[in-house]
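Please read the structure below before turning to the comments.
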Amino acid sequence: MLGLDSSGKTTILYHMKFEQYTNATPTISYNCETIKVKEGSAKGITFKIWDVGGQDNKRPLWNQYTRSSDGIIFVVDSEDKERLEEAKLELIRLLKAPDNQKLPLLVIANKQDLQHSLSLHEIETLLGLRDLHPGQMWSIIGACAITGEGLTEAMDAIQIPEGNLVGVIVKLRSRSNVISTLFLYTGYLKPLFKIRSRILIGCPKIKPVKVVSSKVEVRFHVESATWIPEWIKKNLIENEKGRITKDGDLVVTSEKTRTQMLNQADCLDKVREMIYNSAKKPVEMTEEYKKVVAKRLAKANMERLQRKRADSLKKKNRRKLLESSGFHQLAKQRKNTFMQYVKATGCISDHFLVPTERIYSAQC
Numbered sequence: 197m198l199g200l201d202s203s204g205k206t207t208i209l210y211h212m213k214f215e216q217y218t219n220a221t222p223t224i225s226y227n228c229e230t231i232k233v234k235e236g237s238a239k240g241i242t243f244k245i246w247d248v249g250g251q252d253n254k255r256p257l258w259n260q261y262t263r264s265s266d267g268i269i270f271v272v273d274s275e276d277k278e279r280l281e282e283a284k285l286e287l288i289r290l291l292k293a294p295d296n297q298k299l300p301l302l303v304i305a306n307k308q309d310l311q312h313s314l315s316l317h318e319i320e321t322l323l324g325l326r327d328l329h330p331g332q333m334w335s336i337i338g339a340c341a342i343t344g345e346g347l348t349e350a351m352d353a354i355q356i357p358e359g360n361l362v363g364v365i366v367k368l369r370s371r372s373n374v375i376s377t378l379f380l381y382t383g384y385l386k387p388l389f390k391i392r393s394r395i396l397i398g399c400p401k402i403k404p405v406k407v408v409s410s411k412v413e414v415r416f417h418v419e420s421a422t423w424i425p426e427w428i429k430k431n432l433i434e435n436e437k438g439r440i441t442k443d444g445d446l447v448v449t450s451e452k453t454r455t456q457m458l459n460q461a462d463c464l465d466k467v468r469e470m471i472y473n474s475a476k477k478p479v480e481m482t483e484e485y486k487k488v489v490a491k492r493l494a495k496a497n498m499e500r501l502q503r504k505r506a507d508s509l510k511k512k513n514r515r516k517l518l519e520s521s522g523f524h525q526l527a528k529q530r531k532n533t534f535m536q537y538v539k540a541t542g543c544i545s546d547h548f549l550v551p552t553e554r555i556y557s558a559q560c
């Protein structure tokens, strides 16, 4: 939670936490509180909010706090028209940082209870929110830190986006490849883990062995996701029509790694990128830019081909290692002898079973 000094950040923070007005002193460094929402659409959700001082000497440190954040709350004083230009400059400087360009922005226009406070439309114009780059996700809400009016809606907006604020729900910590909690009140994500079964010849009692595949398929129902604006939803369906089933599920798969959780994170990352790209306004492409895009696609295709070749070579080397161990020849020989014995006698003997430790060593 950022903003100029005396904008009411700390008062908002502690009203969210204790649900009552608390007389706060100016923040020298920062305050950090974990808040569990007790009402509204975000009821039951826990947020960790950092309130950072807004003095001149503290503003260069803002980027240190936003690096591992999932979103930015920017608080402004609705009555102080003279400082809104200063707030605009600080906000633009904040959003220019590479780590902050894809973070959703929620602007809280505080002190809306005062007589000479500006309207949300006026604040939106003075801050130049509509002039931000097309990919920036933002929303603005009026509030009063003393009475608590508008703070419940602000907590809902952090989690349930409205207007241009899209993507918080499917936000991933891409820097650490960890999936953040997904809260979907409408629309749903269904991770489907593929499981196949096979029989290893020579296993004790010839039992089927379950082998779990690391490939992950995620299905996202687009039409029921009311938290996505209609125009973005329309662009998403148009852009990804080849991936959408008859039931309206957007199907995304990943087998990037041999770990299911990392592949699930990759799938959700793809879904987030699709929504983010659908929120961008189309740009007219010049001939030079088309050539640049063609080079990027060619480079991406070449890198993908190289990865496939590397994976193929890795599998080939594994097969060679198994063949050199003599496991396949032994299994084939035992299988032929075993089938001949079964046809002749109609019964199974433990003499033909391959020792379990040899199977495990061959697989390793």
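Every number in the numbering used here is 196 more than the matching position in the sequence shown, counting from 1.
Positions of the beta carbon are idealized from the N, C-alpha and C atoms, including for glycine.
Just so we're clear, the structure is a prediction, and the values are computed from it rather than from any experiment.
- Judged by DSSP in its simplified three-state form, Ser202 adopts coil rather than helix or strand.
- If you draw a 10 Å sphere on the C-beta of Cys463, you find 16 or more other C-beta atoms in it, and that means buried.
- Less than 8 Å divides the Cβ of Asp273 from the Cβ of Asn306.
- The secondary-structure analysis by DSSP pairs Leu291 with nothing; it has no beta-bridge partner.
- Residue environment: Pro300 is assigned as buried (16 or more neighbouring CB atoms within 10 Å of its CB, all protein chains considered).
- Within the segment 401-485, the complete alpha helix (DSSP H) runs of at least 4 residues fall at 426-435, 456-474.
- Here the C-alpha atom of Ile269 lies approximately 24 Å from the C-alpha atom of Lys477.
- For the options Arg439, Thr482, Ile319, Asp266, the alpha carbon positioned closest to that of Lys284 is the one of Ile319.
- Lys232 is bridged by DSSP to Thr242.
- With respect to the C-alpha of Ile337, the residue from Ser315, Leu509, Glu235, Pro256 having the closest C-alpha is Ser315.
- The C-beta of Gln308 has 16 or more other C-beta atoms within 10 Å across all chains shown, which makes the residue buried.
- Put simply, of Gly444, Leu432, Ser410, Lys411 the residue whose alpha carbon is nearest the alpha carbon of Ser420 is Gly444.
- Taking the CA atoms as reference points, Arg255 sits about 12 Å from Thr262.
- Looking only at Ile241, Thr230, Pro294, the smallest Cα-Cα distance to Gln260 is reached by Pro294.
- Going by DSSP, Leu323 is part of the alpha helix (DSSP H) stretching over 316-323.
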